[in-house]
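**Student:**
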Amino acid sequence: MAVRIKRRWERALVTGASAGIGTAYARELAAQGTKLVLVARNVERLEKLAQELRTDHGVDVEVLAADLSDPSQLAHVEDRLSSSPRLDLVINNAGMGSFGAFQRNTVDGELSVIDLNIGALVRLSHAAAASMARHGTGTVLNVSSIMALAPFPGSATYAASKAFVSSFSEALHEELRGTGVTVTVALPGIVATEFMDRADAHHLEGIPGFATLKPEFVAKTTLRAARKGRAVSIPSTSYRIAAVLIGATPRAVLRRFNGVSARSGVGALA
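Adding 972 to a residue's 1-based position in the sequence shown gives its number in my numbering.
Dropping the structure here:
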């Protein structure tokens, strides 16, 4: 079955919609006339955003407050993916980071990153793909990171979780070929959002402004790629060049370089 390039999606679910890239996705989709289901923990922010989108764009917005690290609340979102009104776009954007020396962080904190960035994403991708395949159409957009492309000492668990998201999404894209369902993985670089503040990523404070992306740009670029049915979207030419260079560099060199960078930014990792 050939992939149909959509002019717009009828109804989309966005996780992590209360801030950053998630909010940018919601605003961009609402501007295109897409009805929305917004998912995040912060119900006050969700309600405020929902009212903004209803007022500015006249679209139907459903608020679904849920902590995706809680199995019962995650199950509630899974149920929504297979119920009516049907969703034809699901954006798995919710995630969390853990930065600093692995052995100094709590193991529960590291496992929380895996539970949300991998566990919740896999469950929601499965529910979405199953429902969409039954209807012969749909799009899943999973948000990874450029950090998926290399080992990153100082953010070992986070980078590894994003490597999983990238590999998983590309494989799923191919598995679903011919079903009318496409999966796109977004690999943005550093984005100007609250995420890094919450993750305490002080080692990134010296990053030059030109390397920092706006969430609105990331949303527009990756939605365009998803609409075209592409497997991978890396926003901005500079990060696409970086991805090529990373791919051409021996892993041992990447590992060592990133380790030195982390040590200079956050102190000794050992």
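Built from N, CA and C at the ideal position, the CB exists for glycine as well.
In angstroms with no decimal places, state the Cα-to-Cα distance between lysine 1020 and leucine 1148.
**Tutor:** Going from the Cα of lysine 1020 to the Cα of leucine 1148 covers about 36 Å.
**Student:** What residue from Asp1028, Asn1014, Ala991 has the CA that sits closest to aspartate 1039's CA?
**Tutor:** Among Asp1028, Asn1014, Ala991, the Cα nearest to that of aspartate 1039 is on Asn1014.
**Student:** Check for me: the alpha helix (DSSP H) holding lysine 1020 runs from which residue to which?
**Tutor:** Per DSSP, lysine 1020 belongs to the alpha helix (DSSP H) from 1015-1029.
**Student:** So what does DSSP say about histidine 1175, is it helix, strand or coil?
**Tutor:** The predicted model places histidine 1175 with a pLDDT of 49, which falls under 50 and marks its position as unreliable; any figure quoted below should be read in that light. Three-state DSSP puts histidine 1175 in a helix.
**Student:** Identify the continuous beta strand (DSSP E) that holds glutamate 1034 and give its terminal residues.
**Tutor:** First-last of the beta strand (DSSP E) with glutamate 1034: 1033-1037.
**Student:** Would you kindly check if the distance between the Cβ of valine 1155 and the Cβ of threonine 1111 is under 9 Å?
**Tutor:** In contact: threonine 1111 and valine 1155 (Cβ atoms closer than 9 Å).
**Student:** Can you tell me whether DSSP reads lysine 1007 as helix, strand or coil?
**Tutor:** Here lysine 1007 sits in strand by DSSP.
**Student:** State buried or exposed for threonine 1209, treating a residue as buried only when at least 16 other CB atoms are found within 10 Å of its CB.
**Tutor:** Answer is exposed; the Cβ neighbour count stays below 16.
**Student:** Would a C-beta distance cut-off of 9 Å place arginine 1235 and glycine 1067 closer than the cut-off?
**Tutor:** No, Cβ-Cβ distance for arginine 1235 and glycine 1067 is not below 9 Å.
**Student:** Heavy atom of the ligand NAD less than 8 Å from the Cβ of leucine 1021, yes or no?
**Tutor:** The ligand NAD is absent from the structure shown, which contains no ligands of any kind.
**Student:** Measure the alpha-carbon distance for leucine 1159 versus alanine 1191 and round it to whole angstroms.
**Tutor:** Between leucine 1159 and alanine 1191, the C-alpha separation is close to 11 Å.
**Student:** Touch check for the stretch 1129-1138 and the stretch 1069-1086: three-plus C-beta pairs under 8 Å?
**Tutor:** Touching, yes.
**Student:** May I ask you to report which of helix, strand or coil DSSP gives isoleucine 925?
**Tutor:** A question about residue 925 goes unanswered here, because the residues of the chain that appear run from 973 up to 1242.
**Student:** Out of Val1011, Gln1045, Ser1055, which one is the CA nearest neighbour of valine 1035?
**Tutor:** Comparing Cα-Cα distances from valine 1035 to each of Val1011, Gln1045, Ser1055, the minimum goes to Val1011.
**Student:** DSSP on alanine 1100, reduced to helix/strand/coil?
**Tutor:** It is helical.
**Student:** Pairs of beta-carbons, one from the stretch 1182-1202 and one from the stretch 995-1007, closer than 8 Å: are there three or more?
**Tutor:** They touch, by the three-pair rule.
**Student:** Find the nearest neighbour of arginine 1017 within the set Ala1143, Ile1063, Ala1037, Tyr1211, judged by alpha-carbon distance.
**Tutor:** Closest by alpha carbon: Ala1037.
**Student:** Answer with buried or exposed for threonine 1165, where buried requires no fewer than 16 other C-beta atoms within 10 angstroms of its C-beta.
**Tutor:** Classification for threonine 1165: buried.
**Student:** How many angstroms separate the CA atom of valine 1094 from the CA atom of leucine 1144?
**Tutor:** Spanning the two alpha carbons is a distance of roughly 11 Å.
**Student:** Check whether the stretch 1075-1088 touches the stretch 1026-1033, counting contact only when three or more Cβ pairs, one atom from each stretch, lie closer than 8 Å.
**Tutor:** Short answer: they don't touch.
**Student:** Which same chain residues, not among the five before or five after arginine 1227, have their C-beta less than 6 Å away from its C-beta?
**Tutor:** These residues qualify, in order along the chain: Pro1123.
**Student:** Taking leucine 985 and isoleucine 1063 to be in contact with their CB atoms under 8 Å, please state how far apart those CB atoms are, rounded to whole angstroms.
**Tutor:** Indeed, because the Cβ distance is near 7 Å, the residues count as touching under 8 Å.
**Student:** Near serine 1138, what residues of its chain come up, given a Cβ to Cβ distance below 6 Å and the 5 sequence neighbours on each side ignored?
**Tutor:** Counting only Cβ-Cβ distances below 6 Å, and skipping sequence neighbours, we find Ser1116, Ala1120, Val1157.
**Student:** I'd like the span of the alpha helix (DSSP H) that includes arginine 1217, first residue to last.
**Tutor:** Inspection of the sequence shows that residue 1217 is occupied by leucine rather than by arginine. Its alpha helix (DSSP H) spans residues 1209-1220.
**Student:** Sort Ala1214, Ile1162, Thr1006, Ser1056 by Cα distance to methionine 1104 and report the nearest one.
**Tutor:** Checked all of Ala1214, Ile1162, Thr1006, Ser1056; the closest Cα to methionine 1104 is Ser1056.
**Student:** Helix or strand or just coil, what does DSSP make of glycine 1110?
**Tutor:** Strand.
**Student:** Between Leu1061, Asn1230, Ile1162, which lies nearest to lysine 1200 when the distance is taken from Cα to Cα?
**Tutor:** When each option's Cα is compared against that of lysine 1200, the closest is Leu1061.
**Student:** Could you have a look at isoleucine 1162 and say whether DSSP puts it in helix, strand or coil?
**Tutor:** It is a strand residue.
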